[in-house]
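Student: Residue numbers for the sequence shown follow numbering that gives the first Met the number 0, beginning at 0 and rising by one. Backbone N, C-alpha and C define an ideal beta-carbon position, used for all residues, glycine too.
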Amino acid sequence: MGYLYSADMDSTTSQRLIPLGHSKIIHLVRHAQANHNVAGKKDHDALLSPEFFDASLSSLGLEQVSNLSNHVYASGLLKKIDLVITSPLLRAMQTAVGVFGRERSSGLKCPPIIAVELCRERTGVHPCDKRKTIREYSSLFPQIDFSLIESDDDNLWKADVRETEEEVAARGLKFMNWLKTRHETEIAVVTHHRFLQYTLSAIRNDFHPSLRSEICKEFSNCELRSMIMVDKRCRMVNSPTTDSNGERA
0 MGYLYSADMD STTSQRLIPL GHSKIIHLVR HAQANHNVAG KKDHDALLSP EFFDASLSSL
60 GLEQVSNLSN HVYASGLLKK IDLVITSPLL RAMQTAVGVF GRERSSGLKC PPIIAVELCR
120 ERTGVHPCDK RKTIREYSSL FPQIDFSLIE SDDDNLWKAD VRETEEEVAA RGLKFMNWLK
180 TRHETEIAVV THHRFLQYTL SAIRNDFHPS LRSEICKEFS NCELRSMIMV DKRCRMVNSP
240 TTDSNGERA
């Protein structure tokens with residue numbers, strides 16, 4: 000059995016051995032730049048526009064996807080990943096398929112991709128955070144397994160109610176606990192800015208104070224951060240060897 004060495008600076012022993020069977024490597028990815036990111040940077044009220052319903056990637060976003068795809072292939076990361084989990088919003092799925100689901104001349108088999116509602120962006124009010132029907136998505140993304148999504152329509156998004164930070168964080172913790180039940184040991188998660196921000200902030204106290212600001216640092220578009228999840232209190236420690244920085248939008 001393999002073991003993961005972990006230094007716990009809050010512990011009296013300051014060191015710990017954790018069986019690898021009780022850990023997972025999680026690669027967190029924020030989706031690439033989407034059109035609502037561009038508009039929202041100029042005018043935040045643009046996020047209220049129906050024009051950005053289920054926003055797609057921008058031209059820069061597509062370039063970011065290509066760059067990250069090349070990185071995960073060249074670094075050898077792609078062949079290590081057992082599963083890709085994506086939010087069922089267009090920009091996240093474009094990123095997931097573009098980075099991890101692209102066919103290559105080498106014949107390297109792509110990991111399976113599944114869509115999960117728990118890791119979608121903060122819901123409500125903003126049309127960019129409302130998804131299309133699963134029927135529409137299934138034809139657009141035949142590589143993605145949508146079987147875990149219960150409703151064809153988006154029943155989570157409300158036109159007049161925005162999900163609170165606390166609700167997003169609670170959903171994020173539920174997602175993290177669900178991840179622990181998966182049999183796969185190396186998983187990529189393609190998700191969103193606020194989801195990552197609120198979820199990681201909710202578990203920040205599990206880390207030594209010297210790590211908290213690093214853990215809670217905002218993700219750039221198409222940024223990948225690799226972490227190790229261990230069973231005890233769902234604690235995660237940075238694994239920087241495959242990190243890839245995106246560009247902020």
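Are Ala54 and Ser86 touching if we call contact CB-CB under 9 Å?
Tutor: Locating residue 54 in the sequence shown gives position 55, where the first residue counts as 1. Locating residue 86 in the sequence shown gives position 87, where the first residue counts as 1. Not in contact: Ala54 and Ser86 (Cβ atoms no closer than 9 Å).
Student: Inspect the beta-carbon positions of Val28 and Ala95 and report whether they are closer than 9 Å.
Tutor: Against the sequence shown, residue 28 aligns to sequence position 29. Against the sequence shown, residue 95 aligns to sequence position 96. Yes; because the gap between Cβ atoms is below 9 Å, this pair is in contact.
Student: Would you list, in sequence order, the uninterrupted alpha helix (DSSP H) runs of no fewer than 4 residues that lie entirely inside the region 154 to 216?
Tutor: Segments of the alpha helix (DSSP H) lying fully in the region 154 to 216: 164 to 180, 192 to 201 and 208 to 214.
Student: So, do the region 169 to 187 and the region 74 to 84 have three or more beta carbon pairs nearer to each other than 8 Å?
Tutor: Judged by Cβ distances under 8 Å, the region 169 to 187 makes contact with the region 74 to 84, as three or more pairs qualify.
Student: Might you give, ordered along the chain, the residues of its own chain that have their beta carbon closer than 8 Å to the beta carbon of Thr132, omitting 5 neighbours on each side?
Tutor: Residue numbering aside, residue 132 sits at position 133 when the sequence shown is read from its first letter. Same-chain partners within the cutoff: Asp151, Asp152 and Asp153.
Student: Taking buried to mean at least 16 other C-beta atoms within 10 Å of its own C-beta, is Gly263 buried or exposed?
Tutor: The chain is shown from 0 up to 248; residue 263 falls before or after that span and cannot be answered.
Student: Measuring straight from C-alpha to C-alpha, what distance separates Ala45 and Ser65?
Tutor: Within the sequence shown, numbered from 1, the residue matching residue 45 stands at position 46. Within the sequence shown, numbered from 1, the residue matching residue 65 stands at position 66. So the alpha carbons of these two residues sit roughly 27 Å apart.
Student: Please report the distance separating the alpha-carbon of His43 from that of Leu210.
Tutor: Reading the sequence shown from its first residue, position 44 is the one you call residue 43. Reading the sequence shown from its first residue, position 211 is the one you call residue 210. Between His43 and Leu210, the C-alpha separation is close to 31 Å.
Student: Residue range of the beta strand (DSSP E) that Arg121 falls in?
Tutor: Taking the sequence shown and counting its residues from 1, the one referred to as residue 121 is at position 122. It is not in any beta strand (DSSP E) - Arg121 carries neither H nor E in the DSSP assignment.
Student: Could you say which of Glu149, Cys109 and Leu88 lies nearest to Thr122 if we only look at CA atoms?
Tutor: Position 123 of the sequence shown holds residue 122. Checked all of Glu149, Cys109 and Leu88; the closest Cα to Thr122 is Leu88.
Student: Lys40 lies in the alpha helix (DSSP H); which residues open and close that run?
Tutor: Within the sequence shown, the letter at position 41 stands for residue 40. Start and end: Asn34 to Lys41.
Student: In its own chain, which residues sit with a C-beta less than 6 Å from the C-beta of Ser10, not counting the 5 before and 5 after it?
Tutor: For the purposes of this step, residue 10 is taken as residue 11 along the sequence shown, with counting starting at 1. Because Ser10 carries a pLDDT of 48, less than 50, the predicted location of this residue cannot be relied on, and the following value inherits that uncertainty. Closer than 6 Å at Cβ, skipping near neighbours: no residue.
Student: So, helix, strand or coil for His26, using DSSP?
Tutor: Here residue 26 refers to the residue found at position 27 of the sequence shown. Residue state, collapsed to three classes: strand.
Student: The alpha helix (DSSP H) that contains Arg90, what's its start and end?
Tutor: The residue you call residue 90 lines up with position 91 of the sequence shown. Run containing Arg90: Leu89 to Phe99, per the alpha helix (DSSP H) assignment.
Student: Shortest alpha-carbon distance to Ser137 belongs to which of Val124, Cys127 and Ile112?
Tutor: Sequence index remark: in the sequence shown, residue 137 carries index 138 (1-based). Nearest C-alpha to Ser137: Ile112.
Student: Please classify Val236 as buried or exposed, where buried requires at least 16 other C-beta atoms within 10 Å of its C-beta.
Tutor: Against the sequence shown, residue 236 aligns to sequence position 237. Confidence in Val236 is poor, its pLDDT being 49 and thus under 50, which makes the residue's placement too unreliable to answer from.
Student: Straight-line CA distance for Phe218 to Ser200?
Tutor: Within the sequence shown, numbered from 1, the residue matching residue 218 stands at position 219. Within the sequence shown, numbered from 1, the residue matching residue 200 stands at position 201. Straight-line Cα distance between these residues: approximately 13 Å.
Student: Helix, strand or coil: which one does DSSP assign to Ser55?
Tutor: Here the question's residue 55 lines up with position 56 in the sequence shown. If DSSP states are grouped into helix, strand and coil, Ser55 belongs with coil.
Student: May I ask you to report which of helix, strand or coil DSSP gives Pro18?
Tutor: Stepping through the sequence shown from its first residue, residue 18 is reached at position 19. Of the three classes helix, strand and coil, the one that applies to Pro18 here is strand, per DSSP.
Student: Can Val160 and Phe194 be called in contact, C-beta distance under 9 Å?
Tutor: Numbered from its first residue, the sequence shown carries residue 160 at position 161. Numbered from its first residue, the sequence shown carries residue 194 at position 195. No, Cβ-Cβ distance for Val160 and Phe194 is not below 9 Å.
Student: Could you check whether Ala33 and Leu56 sit closer than 9 Å to each other, using their CB atoms as the reference points?
Tutor: Against the sequence shown, residue 56 aligns to sequence position 57. Against the sequence shown, residue 33 aligns to sequence position 34. A contact, by the Cβ cut-off of 9 Å.
Student: Tell me whether Leu107 sits in a helix, a strand or coil according to DSSP, three-state version.
Tutor: Residue 107 sits at position 108 when you count from the first residue of the sequence shown. Looking at Leu107 - three-state DSSP - the assignment turns out to be coil, as it is neither helix nor strand.
Student: Closest Cβ-Cβ distance between Phe206 and chain B: below 9 Å?
Tutor: The structure shown contains no chain B; it holds only a single protein chain.
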